[in-house]
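So the structure is just underneath, and the comments pick up after that.
Number of protein chains: 2
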Amino acid sequence: MSPEAASETLADLGELGLVTKILSQINAAKISGIGVEVPAGDDAAVISTEGSSLALSVDMYAEGKHFRTDWSTGIEIGRRCAAASMADVCAMGAQPAGVLLAIGMPGSTTSHWAGEFLAGFMEEADSAGAVVLGGDVSDCENIVISVTAIGHLLSGAALARSGAGAGDTVGICGRSGMAAAGLRVLQRGLRSPRVLVDAFRVPNIDYSAGARAAKSGATSMIDISDGLVADLEHIARGSGVCIELDTKKIAVPEELVSTAAAFGVDPMGWILAGGDDHAIVATFPPKKRMPRGFTAIGKVAPAPVGAVLIDGVAYADAFEQVPGFRHFSS
Amino acid sequence: MSPEAASETLADLGELGLVTKILSQINAAKISGIGVEVPAGDDAAVISTEGSSLALSVDMYAEGKHFRTDWSTGIEIGRRCAAASMADVCAMGAQPAGVLLAIGMPGSTTSHWAGEFLAGFMEEADSAGAVVLGGDVSDCENIVISVTAIGHLLSGAALARSGAGAGDTVGICGRSGMAAAGLRVLQRGLRSPRVLVDAFRVPNIDYSAGARAAKSGATSMIDISDGLVADLEHIARGSGVCIELDTKKIAVPEELVSTAAAFGVDPMGWILAGGDDHAIVATFPPKKRMPRGFTAIGKVAPAPVGAVLIDGVAYADAFEQVPGFRHFSS
């Protein structure tokens with residue numbers, strides 16, 4: 001590290017800068033009996049153990065940053081943390097199989113809240129078919145939750161972000177923009193429309209969608225945590241292609257239309273830039289039938305490489321909005 | 331939960347109370363292609379995937395509680411977090427194979443510190459043969475680190491805390507009491523003896539000891555994180571036996587003797603009650619030769635069940651000291 005960088009803070013570097021720095025230091029290796037099929041950097045790493053493959057991923061959620069206890073109940077926060085983490089292994093084509101939970105809480109946290117959180121966490125894990133394999137508790141100034149998800153790759157090969165090819169169809173399973181709209185509703189001090197607020201509080205995930213897509217021959221896949229465009233950019237860059245979205249094919253739920261009108265914004269902004277819904281987006285070979293639950297919303301083009309076009313226009317030009325969100329911003 | 335418990339806090343309940351509550355809610359199950367051989371509650375859970383078994387464990391470390399940035403460098407904290415987590419999968423008889431890291435830090439954290447932490451973390455993982463399989467970063471009020479460790483069970487069966495039998499020999503691989511003594515030194519504002527302070531900063535772990543013990547036919551195993559007696563009590567209770575320690579067989583390093591004398595305490599107190607050294611303790615069948623690195627320090631007796639005796643005396647009577655330490659104490 002150069003001397004002039006010694007005072008650089010994480011707020012300067014940003015989350016992406018830090019993640020890039022970390023990934024550049026990691027080397028995947030072949031180790032005792034375990035093969036690393038997909039190293040850290042995708043939705044989840046994939047390891048194989050004598051013919052059977054597992055996807056593994058970790059996520060951290062901090063009070064005030066990812067959730068607020070006055071906006072969501074303990075049950076909802078527990079469900080959401082489990083859901084968001086398990087979505088990552090689904091996005092590799094895996095079926096959730098296990099979760100490990102580490103939670104830091106202040107000593108003033110009530111046992112009631114902790115019990116509710118755990119009940120929600122286990123309820124969501126159970127609904128996905130995942131067993132709680134371990135946990136740790138610690139005391140912390142604020143509530144901090146870390147969830148490791150493990151998924152079983154039933155169909156063999158993992159679906160990384162790098163396999164999309166020109167001509168592929170882009171399909172989505174699940175909703176996009178609902179959680180972002182719900183967050184805006186809560187930020188304005190409102191509690192309805194309930195369907196949007198609920199979408200923010202607990203994502204509604206089809207935990208078999210990733211495995212179905214893998215079985216159907218999908219070429220690449222990701223779950224939408226930072227926003228549809230932001231996450232499709234990962235596929236565009238990882239695969240060296242361009243993703244062309246056709247907004248005419250994207251259904252806009254009535255609640256989004258009416259709430260966006262009340263807020264004086266375009267609902268498509270929430271759909272394209274809003275995160276936290278954890279819909280699964282995948283690319284499928286041309287003429288291949290998409291599995292149940294997936295809807296076509298665009299296609300893969302050869303160029304411009306790394307770009308996501310909205311009805312043929314670069315995203316930044318189509319909307320004056322920054323996709324995803326930046327951690328460590330001061 | 332009963333209504334009168336609604337205001338109960340984690341400080342009232344304590345860490346053990348919370349963990350017990352969590353474990354009572356978890357049911358291990360047989361799921362799609364993955365069998366849970368050892369559920370949550372031991373050092374690590376063990377899953378099998380078509381004949382090959384993996385041990386998994388998660389731990390959380392909070393600034394001010396588990397480490398202090400003015401007592402340890404970023405490199406040392408990174409190494410210690412990786413080491414303590416990997417020790418748990420070793421204690422199941424596994425060889426560390428992978429780690430996942432989630433870290434929360436305030437935006438004011440310097441990139442330099444974060445870089446040092448990561449370098450230390452990866453150095454320790456590498457020394458154990460483990461690949462960094464994933465990570466997440468978040469911003470938090472204080473530094474919070476969560477590490478998931480994955481180990482490969484080369485010899486097949488996992489070593490839980492429940493297999494010790496009367497007549498077995500108790501063996502230890504690694505040192506005990508050094509880290510606790512180093513912590514007391516730092517708490518007094520001192521920086522030496524260096525060997526004790528270093529022991530607190532980074533545990534010195536033989537990552538193959540657990541796998542060697544498993545291969546040698548050990549009947550139960552645990553790593554010392556809360557203290558030799560406190561952790562042996564887990565084996566005594568889990569196996570329904572009594573552990574009899576013979577202090578004449580426990581080597582007391584010269585640095586412990588001299589520092590304890592200067593502090594006016596018995597060095598055996600640190601050895602028996604001090605945590606964080608992550609030595610591996612295992613029980614071996616009578617007349618079975620212990621593997622390289624293990625020293626006999628006692629034996630397993632049929633009764634009193636759940637007790638650890640020190641030279642024939644109950645621990646609480648032998649030392650006026652509470653083993654382990656209690657989180658969430660206010």
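These protein sequence lines map, in sequence, to chains L and P.
The opening position of the first sequence corresponds to residue 1 in the working numbering, with each subsequent residue numbered one higher.
The opening position of the second sequence corresponds to residue 331 in the working numbering, with each subsequent residue numbered one higher.
Glycine included, every Cβ here is placed at the ideal spot set by N, Cα and C.
Only a predicted model underlies this, so the values are computations on that prediction, with no experimental measurement involved.
_C-alpha gap between residue 328 of chain L and residue 139 of chain L, whole angstroms_ = Note that residue 328 of chain L has pLDDT 40, beneath the 50 cutoff, so the model's placement of it is unreliable and no number is given.
*So what does residue 629 of chain P bridge to, in DSSP terms?*
In the DSSP assignment, the residues bridged to residue 629 of chain P are P/499 and P/574.
*Return helix, strand or coil for residue 471 of chain P, following the three-state DSSP convention.*
Three-state result, residue 471 of chain P: coil.
*Just checking, does the region 375–390 of chain P make contact with the region 129–136 of chain L on the three C-beta pairs under 8 Å criterion?*
The answer is yes - the region 129–136 of chain L touches the region 375–390 of chain P, with three or more Cβ pairs under 8 Å.
*Going along chain P, which residues have a C-beta under 7 Å from residue 144 of chain L?*
Chain P residues near residue 144 of chain L: 434, 470 and 474.
*Excluding sequence positions up to five away, which residues of its chain have a Cβ less than 7 Å from the Cβ of residue 250 of chain L?*
Hits under 7 Å: 271 and 297.
_Cut-off 7 Å between Cβ atoms - residues of its own chain near residue 423 of chain P, not counting five sequence neighbours on either side_ = Here residue 423 of chain P has 483, 485, 488, 489, 540, 541, 543, 544 and 551 as same chain residues with Cβ atoms under 7 Å from its own Cβ, once five neighbours each way along the sequence are excluded.
*Can you give, in chain order, each stretch of the alpha helix (DSSP H) that sits fully within the region 221–273 of chain L and has at least 4 residues?*
When DSSP assignments are scanned along the region 221–273 of chain L, the uninterrupted stretches of alpha helix (DSSP H) that are 4 or more residues long and fall wholly within it turn out to be 228–239, 254–263 and 267–273.
*List, in order along the chain, the chain L residues whose C-beta lies closer than 7 Å to that of residue 458 of chain P?*
Here the premise fails: no neighbours, minimum Cβ distance about 10 Å.
*Following the continuous beta strand (DSSP E) through residue 612 of chain P, name the residue where it begins and the one where it ends.*
Residue 612 of chain P -> beta strand (DSSP E) spans 610–614.
*Using three-state DSSP, classify residue 206 of chain L as helix, strand or coil.*
The answer is coil: DSSP assigns residue 206 of chain L none of H, G, I, E or B.
*Would residue 505 of chain P be called buried (16 or more neighbouring beta carbons within 10 Å of its own) or exposed?*
Taking all protein chains in view, the Cβ of residue 505 of chain P is crowded by 16 or more other Cβ atoms within 10 Å, so the residue is classified as buried.
*If you run the structure through DSSP and keep just helix, strand and coil, what is residue 389 of chain P?*
In the structure shown, residue 389 of chain P sits in a strand (DSSP, three-state: E or B).
_Quick test of your reading: residue 610 of chain P and residue 420 of chain P, contact by CB under 8 Å. State the CB separation rounded to the nearest angstrom._
With 8 Å as the limit, residue 610 of chain P and residue 420 of chain P qualify as a contact, their Cβ atoms being about 6 Å apart.
_Backbone CA spacing between residue 241 of chain L and residue 88 of chain L [nearest angstrom]_ = Answer to the nearest angstrom: the Cα atoms are 22 Å apart.
*What number of angstroms, rounded off, separates the C-alpha of residue 203 of chain L from the C-alpha of residue 629 of chain P?*
If you take the alpha carbons of residue 203 of chain L and residue 629 of chain P, they lie about 53 Å apart.
*asked:* Counting only beta-carbon separations shorter than 9 Å, does residue 669 of chain P have a partner in chain L?
replied: Outside the shown range of chain P, which is 331 to 660, sits residue 669 of chain P, and nothing can be said about it.
*What residues in the region 202–225 of chain L have a beta carbon less than 8 Å from any beta carbon of chain P?*
Listed in sequence order: no entries.
_Alpha-carbon to alpha-carbon, residue 575 of chain P and residue 27 of chain L_ = Because the pLDDT at residue 27 of chain L is just 46, under 50, the model does not fix this residue reliably, and the point stays unresolved.
*If you run the structure through DSSP and keep just helix, strand and coil, what is residue 528 of chain P?*
Here residue 528 of chain P sits in helix by DSSP.
*Beta-carbon separation of residue 620 of chain P and residue 440 of chain P under 9 Å?*
Against a cut-off of 9 Å, the Cβ pair of residue 440 of chain P and residue 620 of chain P comes out as no contact.
*asked:* Considering only their Cβ atoms, is the gap separating residue 177 of chain L from residue 201 of chain L smaller than 9 Å?
replied: Their beta carbons are not under 9 Å apart, which means residue 201 of chain L does not touch residue 177 of chain L by this criterion.
*Would DSSP call residue 132 of chain L helix, strand or coil?*
Residue 132 of chain L: strand per DSSP, three-state reduction.
*Please check the pair residue 589 of chain P and residue 515 of chain P, which I expect to be a contact at CB under 8 Å, by giving their CB distance rounded to whole angstroms.*
Confirmed, Cβ separation roughly 7 Å.
_Status (buried if at least 16 other CB within 10 Å, exposed otherwise) for residue 518 of chain P_ = It counts as exposed.
_Measuring only the C-alpha atoms, how far is residue 585 of chain P from residue 406 of chain P?_
Going from the Cα of residue 585 of chain P to the Cα of residue 406 of chain P covers about 21 Å.
*Any C-beta of chain L sitting closer than 9 Å to the C-beta of residue 506 of chain P?*
Judged by the 9 Å Cβ criterion, residue 506 of chain P is not in contact with chain L.
*Would a C-beta distance cut-off of 9 Å place residue 476 of chain P and residue 58 of chain L closer than the cut-off?*
Yes; because the gap between Cβ atoms is below 9 Å, this pair is in contact.
*Is residue 615 of chain P closer than 9 Å to residue 282 of chain P when the C-beta atoms are compared?*
Only positions 331 to 660 of chain P appear in this structure, which leaves residue 282 of chain P out of reach.
_Contact with chain L by residue 430 of chain P, beta-carbon distance below 9 Å_ = By this cut-off, residue 430 of chain P is an interface position.
*Any Cβ of chain P within less than 9 Å of the Cβ of residue 112 of chain L?*
It does: the Cβ of residue 112 of chain L has a partner Cβ on chain P nearer than 9 Å.
*With a CB to CB cut of under 7 Å and the five nearest residues on each side skipped, what residues in its chain are close to residue 526 of chain P?*
For residue 526 of chain P, where only same-chain residues beyond five positions count, the Cβ hits under 7 Å are 508, 511, 512, 515, 585 and 589.
*When DSSP builds the beta bridges, which residues end up paired with residue 314 of chain L?*
Answer is L/309.
*Who does residue 382 of chain P pair with in a DSSP beta bridge?*
Answer is P/379.
*With a 10 Å radius around its C-beta and 16 neighbouring C-beta atoms as the bar for buried, classify residue 191 of chain L as buried or exposed.*
With fewer than 16 Cβ atoms within 10 Å of its Cβ, residue 191 of chain L is classed as exposed.
*Where does residue 146 of chain L fall in DSSP's three states?*
Reduced to three states, the DSSP call for residue 146 of chain L is strand.
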